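Asks:
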Amino acid sequence: MLTTSSYKKKVRVMAVITIIVALLHHDFWFWNDQTLVMGFMPIGLLYHMLFSIASAVLWATTMKIAWPTHIEEWADEFDGPSASNPAALQGDKK
Amino acid sequence: MNSLVLLAQAPREVSYVPLYVIIAYMGILLAMGYLSSRSFRGTSSDFFTASRSIGPVLLLMSIFGTTMTAFAMIGSTAKSFDLGIGVYGLMASWSGLIHSAIFFLIGIKLWALGKRYGYMTQVQFFRDRYQSNLLGYILFPVLVALVIPYILIGLLGAGAVVRAVTMNMFPETFASTQGAVPQWLSGLVISLVVLYYVFVGGVRGATWANTFQTLVFMVTGVVAFLLIAKGMGGLSEAGKIVAEHSPGHLAREGKVTHTQFFTYLFVPLSVGMFPHLFQHWLTAKSAKTFRLTVVAHPIFIMIVWVPCILIGIWAAGLFASGGLTLPKLPDGSPNANAVLGRMVDHLVHSPLLTGVLIAGVLAAIMSSLDSQFVCLGTMFTTDVVVHMSKKDRFSDKQKLLISRLFIIAIVTITYILSLFPPRHVFDLGVWCFTGFGALFPLVFAAIYWRRVTRAGALACVVMTGASWTVFFIDDIVYKDTSYLGKMDPGTGEYLVLGMMPAAVIFVISAVTLIGVSLLTSPPPKEHVDRFFLPAE
């Protein structure tokens with residue numbers, strides 16, 4: 755639930771983990787390393803392949819923990835004027 | 214190694230099979246266009262948003278196909294030929310993380326707002342959220358001006374690939390291009406095929422075609438990689454060639470700077486502002502439909518990019534050893550954009566497979582073109598013609614007709630522009646992405662910051678456009694004597710204070726948005742509440 759403090763805490767934890775993952779993108783430790791893993795895979799490229807996999811795991815975890823549960827019901831509600839009713843989209847056009 | 218040198222230089226009999234495969238591929242796309250037209254419900258809503266009925270797999274494939282273009286296959290191979298493996302970290306791994314973040318944080322929320330309020334275009338959303346008609350009129354030309362170069366990247370990239378693979382096929386007909394199918398013809402055919410299936414099926418036609426195209430380019434990309442590796446004598450042999458002749462390509466020192474590597478993260482933010490991606494988000498059946506896209510996107514990027522990066526560095530090694538010839542640019546340097554086509558042509562000795570692989574490259578390119586054409590047609594119809602007309606001025610059928618006519622006009626204009634190509638397709642793309650990325654604060658604030666104001670949004674777009682123009686001119690017009698930034702000698706990239714221009718313009722954009730918003734009166738609470746879930 756969006757309103758619970760535990761949900762907000764989980765969101766904050768995931769935000770911190772995301773920042774840590776983003777910082778791990780900058781692998782200065784492999785910057786000038788020309789090692790070929792298994793004879794063909796540059797180690798810097800292999801690291802970033804693993805980073806891509808970590809990104810997928812990160813977002814899978816985030817969606818499990820911090821999914822906006824009520825968003826579909828909210829989307830289905832009609833809340834007054836819409837694009838199908840152009841009056842809502844006239845903005846400052848008087 | 215010597216055998217590779219001989220292979221690259223030996224005259225080979227010209228086979229027309231690759232061309233036949235490309236023609237067959239185009240035929241399949243036309244057939245898919247016909248089939249999608251049979252599912253078309255005949256309404257503008259179905260044409261623009263597929264009646265919000267697209268499921269997880271189709272959404273994943275269409276979004277992935279839309280974000281991958283010549284950039285991913287031609288550009289990445291060309292760039293890794295120039296700069297080595299650092300290109301993957303610059304663009305691909307950053308994109309995997311950031312694209313998915315945007316799909317989750319921005320895409321799902323915009324889908325919900327789109328469904329709730331019936332938006333069909335980004336400009337509709339911004340006009341409503343910021344209560345500004347003027348914002349729409351300013352934003353519309355900016356978005357269109359940024360999408361058109363993106364389309365050109367696709368058409369030019371496709372032309373380069375077709376030209377490389379059809380070299381010497383028509384020596385008498387196309388003598389000026391060494392017998393290859395020229396840009397004007399390949400661009401014309403591709404434009405017409407894409408035009409057909411988006412004309413008859415709208416965004417649903419684009420989604421179906423994208424799914425097929427994404428499958429084609431992912432599978433053929435991996436097959437190309439394996440066949441090229443085999444042609445080079447195996448993975449280890451390919452690695453040895455690079456290590457021996459071009460070891461710098463195995464690392465980043467001297468090719469990518471630390472600041473550039475970090476600040477590239479501002480470029481993939483562009484997907485948050487792509488109008489064609491916004492339209493694809495609206496097609497989703499539900500919020501849960503996004504889940505597969507968010508998780509699989511980084512993996513899909515890896516599957517497409519890693520083979521291209523490896524092929525690029527292998528080509529650099531081969532080129533340095535004299536085992537690969539490339540067409541030259543006017544300044545005498547090798548044309549990096551031809552690397553993928555030449556590697557396939559030189560090292561994959563099956564004309565049939567060569568044709569399939571080239572079809573894969575074209576699939577990557579066309580899967581973006583179609584969405585962009587539909588999107589621009591939708592925008593012209595909805596944000597200009599319908600918006601400026603009285604309510605109920607046009608029937609649904611008339612809106613459809615107007616949209617289709619706009620699509621034809623856009624295809625024609627971009628095709629003509631593609632006949633006068635700029636020099637380096639990838640650099641053109643970076644500037645296009647820079648503009649979209651710099652506008653990211655506009656969409657993020659619209660969704661997550663209640664205090665953002667109409668004046669802040671207007672100032673943000675104006676300042677972003679002005680600063681983008683200044684840096685763009687400084688890079689392109691004053692290339693040799695740039696005043697604000699300078700060309701990095703190692704990477705050949707235009708950098709400002711050592712950073713990607715996208716980072717600098719993003720900061721200008723964000724500071725303007727925040728500063729002006731805080732200096733102006735907040736928007737009415739009851740209006741802002743419409744755009745936030747009750748618990749937010």
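Each protein sequence line maps, in turn, to chains A and B.
Going by the working numbering, the first residue of the first sequence is number 755, and it counts up by one from there.
Going by the working numbering, the first residue of the second sequence is number 214, and it counts up by one from there.
C-beta: ideal position from N, C-alpha, C; glycine also.
Quick caveat, the model's predicted, so the values are computed rather than measured.
1. For A:Asp830, count neighbouring Cβ atoms within 10 angstroms of its own Cβ and tell me buried if that reaches 16, exposed if not.
2. Taking the continuous alpha helix (DSSP H) assigned at B:Ile629, which residues delimit it?
3. If you measure between the beta carbons of B:Ala393 and B:Tyr410, is that distance less than 7 Å?
4. Within the 7 Å Cβ cut-off, does A:Met768 reach chain B?
5. Per DSSP, which one or two residues make a beta bridge with B:Met712?
6. Given that A:Ser759 touches chain B, what residues does it touch there, using C-beta distances under 8 Å?
7. Within its chain, find whatever has a CB closer than 7 Å to the CB of B:Leu537; leave out the 5 residues flanking it on each side and keep chain order.
8. With a Cβ-Cβ cutoff of 7 Å, do B:Ile512 and A:Ala814 count as a contact?
9. By how many angstroms is the C-alpha of B:Pro269 removed from the C-alpha of B:Leu248?
10. Would B:Leu448 count as contacting chain A if we go by Cβ distances under 7 Å?
11. Where does A:Met795 fall in DSSP's three states?
12. Does the Cβ of A:Glu827 have 16 or more other Cβ atoms within 10 Å, making it buried, or fewer, making it exposed?
13. First and last residue of the alpha helix (DSSP H) that includes B:Ala377?
14. Is there at least one Cβ from chain A nearer than 7 Å to B:Ala223's Cβ?
15. Alpha carbon to alpha carbon, how far is B:Val300 from B:Val709? Give it in angstroms, no decimals.
16. Locate the alpha helix (DSSP H) running through B:Asp687, then write down its first and last residues.
17. Between A:Glu826 and chain B, is any beta-carbon pair separated by less than 7 Å?
18. Quick one, which of B:Phe277, B:Thr647, B:Gly705, B:Asp701 has its alpha-carbon nearest B:Thr682's?
19. So for B:Pro395, helix, strand or coil by DSSP?
20. Considering only the beta carbon of each residue, do A:Asn786 and B:Glu466 sit closer than 7 Å?
21. What does the alpha-carbon distance come out to for the pair B:Ser563 and B:Ile235?
22. B:Phe425 to B:Leu271, Cα distance in whole Å?
23. If you draw a straight line from the alpha carbon of A:Lys764 to that of A:Pro822, how long is it in whole angstroms?
24. Could you say if the stretch 484-493 of chain B and the stretch 581-595 of chain B meet the contact criterion of at least three C-beta pairs nearer than 8 Å?
25. Three or more C-beta pairs closer than 8 Å, one from the stretch 572-582 of chain B and one from the stretch 309-319 of chain B: is that the case here?
26. Roughly how many whole angstroms lie between the Cα atoms of B:Tyr233 and B:Gln396?
27. For B:Met245, which residues from the same chain have a beta carbon less than 8 Å from its beta carbon, with the 5 sequence-adjacent residues on both sides left out?
28. On a CA-only basis, which of B:Met700, B:Leu565, B:Gly327, B:Gly545 is nearest B:Val230? Give me that one, please.
29. I'd like to know if B:Ala464 contacts chain A, where contact means its C-beta is closer than 7 Å to some C-beta of that chain.
30. Kindly provide the ranges of any alpha helix (DSSP H) runs that are 4 or more residues long and lie completely inside the stretch 440-506 of chain B, ordered along the chain.
31. Distance check for B:Ile514 and A:Met803, CA to CA, integer angstroms please.
32. On a CA-only basis, which of B:Val517, B:Glu226, B:Tyr330, B:Val432 is nearest B:Met286? Give me that one, please.
33. Measure the CB-CB distance between B:Gly650 and B:Leu440 and report whether it falls below 7 Å.
34. Do we get a CB-CB distance below 7 Å when we pair A:Leu778 with the residues of chain B?
35. Where does B:Ile298 sit, in a helix, a strand or coil, going by DSSP?
36. What does B:Phe512 reach in chain A if we use C-beta pairs closer than 8 Å?
Replies: Quick look at the numbers:
1. Exposed, since its Cβ has fewer than 16 Cβ neighbours within 10 Å.
2. Element bounds for B:Ile629: 609-631.
3. Note that the C-beta distance between B:Ala393 and B:Tyr410 is not below 7 Å.
4. Judged by the 7 Å Cβ criterion, A:Met768 is not in contact with chain B.
5. DSSP lists B:Val709 as partners of B:Met712.
6. Chain B residues near A:Ser759: none, gap ~12 Å exceeds 8 Å.
7. Only residues of its own chain outside the window of five on either side were considered, and among them Ala221, Ala528, Leu531, Arg555, His559 have a CB closer than 7 Å to the CB of B:Leu537, listed in chain order.
8. For B:Ile512 and A:Ala814, no; Cβs fall outside 7 Å.
9. Between B:Leu248 and B:Pro269, the alpha-carbon positions lie close to 20 Å from each other.
10. It does: the Cβ of B:Leu448 has a partner Cβ on chain A nearer than 7 Å.
11. Strand, per DSSP.
12. A:Glu827 should be labelled exposed.
13. From DSSP, the alpha helix (DSSP H) with B:Ala377 extends over 346-378.
14. Low confidence applies to B:Ala223: its pLDDT is 42, below 50, so where it sits in the model is not reliable, and the reading given next is rough at best. At a cut-off of 7 Å between C-beta atoms, B:Ala223 does not count as an interface residue with respect to chain A.
15. The alpha-carbon separation between B:Val709 and B:Val300 amounts to approximately 19 Å.
16. For B:Asp687, the enclosing alpha helix (DSSP H) has its first and last residue at 667-689.
17. At least one chain B Cβ lies under 7 Å of A:Glu826.
18. B:Thr682 has its Cα closest to that of B:Thr647, out of B:Phe277, B:Thr647, B:Gly705, B:Asp701.
19. B:Pro395: coil per DSSP, three-state reduction.
20. Yes, Cβ-Cβ distance for A:Asn786 and B:Glu466 is below 7 Å.
21. When only Cα atoms are considered, B:Ser563 and B:Ile235 end up about 14 Å apart.
22. If you take the alpha carbons of B:Phe425 and B:Leu271, they lie about 10 Å apart.
23. Straight-line measurement puts the Cα of A:Pro822 at about 12 Å from the Cα of A:Lys764.
24. Yes, the stretch 484-493 of chain B is in contact with the stretch 581-595 of chain B.
25. No, the stretch 572-582 of chain B is not in contact with the stretch 309-319 of chain B.
26. Approximately 18 Å, taken between the alpha carbons.
27. Contacts found: Tyr410, Gly418, Trp421, Ala422, Phe425.
28. Each of B:Met700, B:Leu565, B:Gly327, B:Gly545 was checked against the Cα of B:Val230, and the nearest Cα belongs to B:Leu565.
29. It does: the Cβ of B:Ala464 has a partner Cβ on chain A nearer than 7 Å.
30. Fully enclosed alpha helix (DSSP H) runs of 4 or longer: 448-458, 471-476, 488-495.
31. Cα to Cα, A:Met803 sits roughly 10 Å from B:Ile514.
32. Nearest option by C-alpha distance: B:Val517.
33. No, they are not a contact pair.
34. False, the Cβ-Cβ gap to chain B never drops below 7 Å.
35. DSSP places B:Ile298 in coil when its eight states are reduced to three.
36. According to the sequence as given, residue 512 of chain B is Ile; it is not Phe. For B:Ile512, the residues of chain A that pass the 8 Å Cβ criterion are Ser806, Ile807, Ala810, in the order they occur in the chain.
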